[in-house]
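Residue numbers (the working numbering): 15 to 343. All C-beta atoms in this analysis are idealised placements derived from N, C-alpha and C, irrespective of residue type, glycine included.
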């Protein structure tokens, strides 16, 4: 991959140590902040990153993982990396706070398959994203799989956009995600993920949209009746490292981080594929009613979302859209 310009992780406590000795002369444990829990794809992929990194450096480089946003939310993690306080983190939707144009990766149905995702991120689209983030002080170590997102709710099965009419859907704090679901006909609004189970249980929201792994790990099946496989968008999880931390590594260490990042990417895809098959079966066995949505119907009404969003963002956003689409050939 282009980026194989890596990353590694540490909080303020490691900063003085890193500047006190040459990096090659000491063992380093970087700290990485992950928003999801230990069952999530990001956390388990970061664990694999740690194993590979330690193996390739004979234990000289390692990481200490913090789950469930123990070191702060994703927005805080971005700021901490840019200011040199935090070494690494996994970032999803909030990446648009750094570069709004990256919302292109979260447009509905812009990715047709995992093969399309890989082709785009290994190609010119990935290179453009890496350059944009590097200019903001963030090094892309890997594009991890966050998974294809599906809809759960308590009103009805969702087969077409019309079925979302009036359904109260929780989204992340993303203006684009809210616009997508309102365009589909839902009544969408954001809520912190930590509050979502209770909101679904009490009826504050009728439903939510996430990769199915979260419906299992957070037990949404206890408070949601319907699972509709819409595949409405693919979540890119950015495994990031502070650029200054990356530059402080030796060439050999940088190469090791790069290779570990590639291994983490591959593991994340394996976990995503496994989740798509096994977890859907698990949720059905737990009593959720599962249906395949009419993807063509959703895709047909998504074009206007792309046009409106790109018009608001400018030419760089349209360029990224075009590069992603061109990779699906």
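What distance in whole Å lies between the Cβ atoms of residue j and residue i, which are believed to be in contact at a cut-off of 8 angstroms?
| i | j | result |
| --- | --- | --- |
| residue 44 | residue 102 | 6 angstroms |
| residue 327 | residue 114 | 6 angstroms |
| residue 227 | residue 159 | That belief does not hold up - the Cβ atoms of residue 227 and residue 159 are roughly 10 angstroms apart, past 8 angstroms. |
| residue 163 | residue 223 | 5 angstroms |
| residue 130 | residue 342 | 4 angstroms |
| residue 107 | residue 186 | 5 angstroms |
| residue 111 | residue 89 | 6 angstroms |
Can you name the start and end residues of the alpha helix (DSSP H) that residue i belongs to?
| i | result |
| --- | --- |
| residue 235 | Unbroken run through residue 235: none, as it is neither H nor E. |
| residue 330 | 329 to 340 |
| residue 147 | 138 to 148 |
| residue 275 | 265 to 288 |
| residue 58 | 55 to 70 |
| residue 294 | 294 to 299 |
Pick out whichever of the options has its Cα sitting closest to the Cα of residue i.
| i | options | result |
| --- | --- | --- |
| residue 205 | 214, 130, 138 and 163 | 214 |
| residue 271 | 108, 254 and 292 | 254 |
| residue 97 | 256, 283, 304 and 307 | 256 |
| residue 200 | 191, 229, 107 and 178 | 178 |
| residue 82 | 74, 95, 71 and 50 | 50 |
| residue 335 | 122, 196 and 191 | 122 |
| residue 87 | 60, 176, 208 and 140 | 208 |
| residue 316 | 298, 282, 236 and 197 | 197 |
| residue 238 | 210, 264 and 339 | 210 |
| residue 303 | 311, 269, 339 and 235 | 235 |
| residue 203 | 212, 190, 94 and 184 | 184 |
| residue 376 | 325, 324, 296 and 176 | Shown here, the chain extends from 15 to 343; a query on residue 376 therefore has no answer. |
If you check the beta carbons only, do residue i and residue j fall under 7 angstroms apart?
| i | j | result |
| --- | --- | --- |
| residue 65 | residue 231 | no |
| residue 119 | residue 250 | yes |
| residue 155 | residue 147 | no |
| residue 241 | residue 174 | no |
| residue 99 | residue 252 | no |
| residue 244 | residue 307 | yes |
| residue 345 | residue 286 | Since the first residue shown for the chain is 15 and the last is 343, residue 345 is missing from the structure and cannot be characterised. |
| residue 63 | residue 278 | yes |
Can you find a C-beta in chain D that's less than 7 angstroms from the C-beta of residue i?
| i | result |
| --- | --- |
| residue 52 | In summary, chain D is missing from the structure at hand, where a single protein chain is found. |
Which residues in the same chain have their Cβ closer than 7 angstroms to the Cβ of residue i, if we skip the five residues on either side of it in sequence?
| i | result |
| --- | --- |
| residue 36 | Only weak support exists for where residue 36 lies, its pLDDT of 42 falling under 50; the value from the coordinates is given anyway. Excluding positions up to five away in sequence, the list is empty. |
| residue 180 | 201 |
In terms of residues, what are the limits of the beta strand (DSSP E) holding residue i?
| i | result |
| --- | --- |
| residue 46 | 42 to 47 |
| residue 211 | Not the beta strand (DSSP E): residue 211 falls in the alpha helix (DSSP H), residues 210 to 216. |
In its own chain, which residues sit with a C-beta less than 6 angstroms from the C-beta of residue i, not counting the 5 before and 5 after it?
| i | result |
| --- | --- |
| residue 23 | Caution applies to residue 23, whose pLDDT of 32 falls short of 50 and renders its modelled position unreliable; the value that the coordinates give is listed next. Once the five neighbours on either side are set aside, the close Cβ partners of residue 23 are 44, 45, 46, 77, 101 and 102. |
| residue 182 | 201, 219 and 220 |
| residue 135 | 157 |
| residue 38 | Confidence is the limiting factor: at residue 38 the pLDDT is only 45, short of 50, which leaves the residue's position unreliable and the question unanswerable from this model. |
By Cβ distance, which residues of its chain are closer than 8 angstroms to residue i, with the 5 residues on each side in sequence left out?
| i | result |
| --- | --- |
| residue 258 | 98 and 151 |
| residue 329 | none |
| residue 337 | 134, 137, 138, 139 and 142 |
| residue 67 | 22, 75, 76, 77, 270, 271 and 274 |
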